[in-house]
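So the sequence shown is numbered by the numbering used here: it starts at 251 and just counts up by one.
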Amino acid sequence: MNSDAEAKSVAGSAYTGRPAGRTPEIWGRIPPRNMNFTGREELLSKLRAGIAGDVTAVVPHALHGLGGVGKTQMTVEYAYRYRSEYDLVWWIPCDQPVLVRSSLASLAPYLGLPPATTTGIEDAANSVLDRLRRGDPYSKWLLIFDNADQPEDISDVIPHGPGHVIITSRNHRWKGVVDTVPVDVFTREESIEFLNKRVPRAMSPGDANGLAEALGDLPLALEQAAALQAETGMTVEEYLRLLAGRTSQLLAEGKPTEYPVSMTAAWALSVAKLSEKLPEAVELLRCCAMFGPEPIPRAVFSRVPTGLGEQLADLLGDPIRLSRTIGELGRYALARVDTPGRTIQVHRLIQALVRDGMSPDEQGRIRQEVHRLLVTATPKAPENTANWNRYFELLAHVEPSGVTESGDRTVRQLALNFVDYLYYSGDYRSAEIFVRRFEERWSADSGNDDPDVLDARRQRGIIIRELGRFPEAYELNRETLARTEQSTDDDPGRQDSLLLLLNSIGADLRAAGDFFAARDHDQDSLIRHLETFGEQHPNTLRVMNNLALDHGLASDYLAARAMHEKCYLEMWAGPRGIGRADILNSWSGLARAVRLAGGYRESCDLGEDAHAYGADELGAEHPWTLRTAKDLAIARRRAGLLDASAEVSEDVHGRYLRLFGLDHPDSLASATCLANVLRSTGEIEKAFDVASETLELYPKVYGNDHPYYHGCAGNLALLLRVTGDVRRSRELNEKSLLGLEAKLGRDHHYSLTVATNLASDLAALGDLESACRLGRGTLRRLRAVLGEDHPMTLACAANLSADLRADGAEEDGTRLFEDTIDRYARVLGPDHPDSVVALEGRHLDCDFDPPPI
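Encoded structure:
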């Protein structure tokens, strides 16, 4: 949790143009107020009356109108004028819908939440929305979604809570969705008033009227004209003469109709005059026009990359001249310069006009320069959380700058680094959107077998597997593997990519339930990684971690524990390329392996440490932190700490449902964990409902022959017996056991768990002979697979001892009972719930929790 001081240091750049006087507690990313703001009183009053009248729930209000009419400035004015009514005001640019969540995420530190630069965008944004909906800690809030195109682009991120929402858009479709206020050009009186405020020398009414007439009363065009006259001292008469010439030229050339001719002419005049005064400023403006309309970090222009054009390179290499140039762009109203925030921003309409004024060759040249600037300004390690802030700042400029269209391998690698950043930060949905766009464009330009296309497909396979679309990921990875193997024959340098893909295939096999095939595959992959990369390379360590997972899924928990421990120690040593998410994944895996090997208390200790690390470094709602929390809940339940387990289970399941919905693999796993906790705490009816609903969803994700499906069916069978329906319990356990044996064989922990429960069914039905026969065989196998002191083995032994004595084999039953009780005392302690049940001669119920794939 961040303190207020930490929050302000984390996102302090958001405090731009903070107003004086009574201000909101949180005032973030609001553009500076236009001190020459004019008119709009009727529209502002109408907007305020509509917003203030919605007292029961948030009702979004939209300002819609053409570009350049001042929708944004009017909204800024509203924010400043009514700031005393709010505790929180936050600005959200919506030019790229996929990035709206990142703008919301940047609010996190101000709400006492970890920043997105440590938790990831998806987690931070969801946490922010949850806080806003609940009005915690602020109920009087205002969110401004600027330049939202389609209503469906932001419908899922409008928090329906106690605050207010304003949307600006050029799209008239908002009229049928929310309360709207149309914004048109200035009235003539407003135009004249604005010009008199903006130009130092007073204009005559006739001059102001003529200028407003010529510019069509368009606010942005008037701003351009006024700035130029203020900077150059040009008379209105001269400006109108030059404007008429430009307008005639534009009309003769047939310029695009989507840009107002008056705006185009005004912009062209400003650029022409600035070019006479400071030519390099125009070159910088052209460069900025190739970025997104969001603020551009000044750091992008702090280094001179190789291959930059001479004029721009000279400018960037001279910090004094660069500062002056940026200042001139601001004074000519061609850019908004935020000195405290260290950013430059160019209005989207001006960007469009600048681009339109260049030839295709010029655009191509400048785009290449922008790509070089981005490559130089972006760190090379997206897995490192220390670099996430820079990735966060630059993400909005990836697509607008044309990175997708580049054929340069360095630029394409930059694009894939941004995909990696989104993946590591837990924003899987945005990662998929980005990588699909790259893949589609690159395959159209370079063919399906291009190395960059294959790398993009490999990344997409990983992402969609994390989203729970296992069959789709497997098919994609198999196809990509075949193409990569073919390309590797022609280019041995592609061997690294082939090995990375092999690692991904192992995860696909696990997701398909082919645990032994995954183990064999990953053993071979590890050998190849060791030969190619060496033992401490990040790629090798990730394969080692996967192989440790395979050992666990194959019931070889001691091997899993040893390999997880080795992998964790190597990763913690900090080799380059290993991020905090990798460390957490390995740490959590070690805690899970310790639990599965029977070390419940040790697993709790490890899990608590790992979860604290994940919450601090990645955030409480990062997918890998949630997996660690879910495993911690299981460990606590196994250790007999039921209340602590229930608390975590409820919390984790609620977060998963909100983040991923009902049918995501992690949601299903958390639901299974919750059902087991509920049964253990005596909430049988609720446990039955959760287990039943979850089992119905499993085939959709895994298919109906996956070991996880059969294991969870065994959990439901257990609940059927607890509720008295023993015959149905037996039928379901028999079916589950057959399914598990077909996939994993009898000598597997999952199969033996169901067999143990099936023996309890038989005993409850009075068939003690069959129960003892099944119990003896199962105990023998458990001792061989898990060892004599494993809690699962002890549970089977305790149940068998009770059945033997009930069936008349008193001597054998008593001998087994006494040995088992002694072992329980040593392994779990005499006060553990399982020890108590065994001592009382009652049957122990054995359940299943699906590990992460």
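Beta carbons: idealized from backbone N, C-alpha and C, even for Gly. As the structure is a prediction and not an experimental result, all values here were calculated from the model.
Residues near residue i by beta carbon distance below 8 Å, same chain, minus five either side
| i | result |
| --- | --- |
| Thr325 | Leu313, Ile394, Asp396, Ile416 and Thr418 |
| Ile714 | Glu682, Glu722, Ala723 and Leu726 |
| Ser693 | Asp700 and Val703 |
| Glu1038 | Arg1073 |
Beta carbon of residue i nearer than 7 Å to that of residue j
| i | j | result |
| --- | --- | --- |
| Gly676 | Pro915 | no |
| Leu918 | Val940 | no |
| Leu445 | Met513 | no |
| Leu524 | Ala531 | yes |
| Leu535 | Leu579 | yes |
| Leu776 | Ala767 | no |
| Asn459 | Leu909 | no |
| Leu717 | Glu619 | no |
| Ala516 | Ala471 | yes |
| Leu876 | Val902 | yes |
| Ser754 | Ile712 | yes |
| Ala1047 | Leu1066 | yes |
| Ser853 | Ala879 | no |
| Val1105 | Arg977 | No answer is possible for residue 1105: it lies beyond the span of the chain, which begins at 251 and ends at 1103. |
| Glu643 | Pro547 | yes |
| Gly839 | Ala896 | no |
| Val407 | Val348 | no |
| Cys537 | Val596 | no |
| Ser805 | His999 | yes |
| Asn795 | Gly756 | no |
| Asp997 | Arg971 | no |
| Tyr674 | Glu729 | no |
Own chain residues within Cβ distance below 6 Å of residue i, not counting five before or after
| i | result |
| --- | --- |
| Arg617 | Met540 and Gly652 |
| Ala1045 | Leu1094 and Cys1096 |
| Ala374 | Ala355, Ala358 and Ala366 |
| Ala1009 | Ala1021, Leu1024 and Gly1025 |
| Tyr958 | Tyr952 and Pro1100 |
| Pro1083 | Gly890 |
Top-ranked residue by Cα proximity to residue i, from the options
| i | options | result |
| --- | --- | --- |
| Pro1050 | Ala1034, Pro949 and Arg1092 | Note that residue 1050 is Leu in the sequence shown, not Pro. The shortest Cα separation from Leu1050 among Ala1034, Pro949 and Arg1092 belongs to Arg1092. |
| Trp638 | Gly1037, Tyr671, Gly607 and Glu402 | Tyr671 |
| Leu492 | Ala464, Glu473, Leu470 and Pro510 | Ala464 |
| Leu945 | Asn965, Thr931 and Val927 | Asn965 |
| Thr1003 | Arg978, Glu291 and His960 | His960 |
| Asp764 | Asp800, Asp975, Arg744 and Val793 | Asp800 |
| Val433 | Ser295, Glu487, Tyr332 and Ala302 | Ser295 |
| Ser520 | Leu819, Ile600 and Gly1037 | Ile600 |
| Cys344 | Ala1013, Arg605, Asn421 and Leu970 | Asn421 |
| Ser1001 | Ala494, Gln613, Gly974 and Met1042 | Met1042 |
Same chain, Cβ closer than 7 Å to residue i, five either side skipped, listed in chain order
| i | result |
| --- | --- |
| Met484 | Leu478 |
| Leu1089 | Ile1071 |
| Gly784 | Thr790 |
| Ala563 | Val554 |
| Val844 | Arg811, Glu852, Ser853 and Leu856 |
| Thr660 | Val625 |
| Leu1018 | Asp1053, Ala1056 and Asp1057 |
Residue i, DSSP secondary structure in three states
| i | result |
| --- | --- |
| Arg586 | strand |
| Asp1072 | helix |
| Thr593 | strand |
| Ile408 | coil |
| Ile342 | strand |
| Leu717 | coil |
| Gly542 | coil |
| Ile616 | helix |
| Val305 | Because Val305 sits at a pLDDT of 45, beneath the cut-off of 50, its placement in the model cannot be relied upon, and the point is left open. |
| Pro401 | helix |
| Pro873 | helix |
| Pro1100 | coil |
Practice problem: Quick one: which unbroken beta strand (DSSP E) runs of 3-plus residues sit fully inside the stretch 790-816? Chain order, please. | Solution: none
Self-check item: Runs of alpha helix (DSSP H) wholly within the stretch 932-975 (minimum 4 residues, chain order)
Solution: 934-952 and 957-972
Quiz item: Can you list, in chain order, the stretches of the alpha helix (DSSP H) that have 4 or more residues and sit fully within the stretch 972-1011?
Solution: 976-994
Quiz item: Whole alpha helix (DSSP H) runs in the stretch 630-696 with 4 or more residues, listed along the chain?
Solution: 638-644, 659-674 and 678-696
Quiz item: Which whole runs of the alpha helix (DSSP H) in the stretch 416-467 are 4 residues long or more, in chain order?
Solution: 438-448 and 455-464
Self-check item: Contiguous alpha helix (DSSP H) assignments of at least 4 residues, all confined to the stretch 728-767
Solution: 745-761
Practice problem: Tell me the start and end of each unbroken alpha helix (DSSP H) in the stretch 318-386 that is at least 4 residues and wholly inside, in chain order. | Solution: 321-331, 350-355, 366-369 and 371-384
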